[in-house]
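When we follow this note's numbering, the leftmost residue of the sequence shown carries the number 6, and every step to the right adds one.
Cβ atoms here follow ideal geometry from the backbone N, Cα and C, with glycine treated the same way.
One structure is given here, and the rest of the page talks about it.
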Amino acid sequence: MGWERRQQGPKLGYFYTSVRVGDRVKKVYFGRGQAGHEAAAELELRRKGRLEAKTLLQDARDGADEADQLANELREWAEVLLGTWLIVTGHRKRRGQWRRTSCG
6 MGWERRQQGP KLGYFYTSVR VGDRVKKVYF GRGQAGHEAA AELELRRKGR
56 LEAKTLLQDA RDGADEADQL ANELREWAEV LLGTWLIVTG HRKRRGQWRR
106 TSCG
């Protein structure tokens with residue numbers, strides 16, 4: 006996306022954007038001079054809006070990642086405490102399952 010200069014034409018150039026249509030890329034002409042500048046300004050505002058939205062989404066994901074990490078740590082501690090309690094109450098772990106020990 007941006008200004009292009011052709012061999013013939015104004016020094017400032019023409020404003021084009023690239024748009025994907027199916028599997029091809031097509032250039033869309035927006036004009037030169039004032040019309041080109043207005044289109045460029047509008048597209049720049051859209052780009053900044055998308056960047057802000059992306060930043061907010063990343064911040065939300067970072068907060069969720071921190072919560073997931075705390076939940077995983079809590080789960081690990083719960084498993085340790087449960088294992089300790091089961092051993093104290095006479096259970097053993099056999100092939101990934103907790104079983105009550107036989108009293109004989």
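Sequence-distant partners of LYS53 (beyond 5 residues in either direction) whose C-beta falls short of 7 Å from its own C-beta are missing from its chain. DSSP links THR22 through a beta bridge to VAL33. By the criterion of a C-beta distance shorter than 7 Å, ALA45 is surrounded in its chain by PHE20, once the five residues flanking it on both sides are discounted. If you draw a straight line from the Cα of GLY68 to the Cα of GLU78, it comes to about 16 Å. Under the DSSP assignment, ARG97 falls in the beta strand (DSSP E) whose first and last residues are 96-99. GLY27 carries a coil assignment under DSSP once its states are collapsed to helix, strand and coil. One alpha carbon belongs to GLU84, the other to LEU91, and they sit about 10 Å apart. Between GLY95 and ARG105 the beta-carbon gap is near 6 Å, inside 8 Å, which marks them as a contact. A straight line joining the alpha-carbon of GLU47 with that of LEU56 spans about 14 Å.
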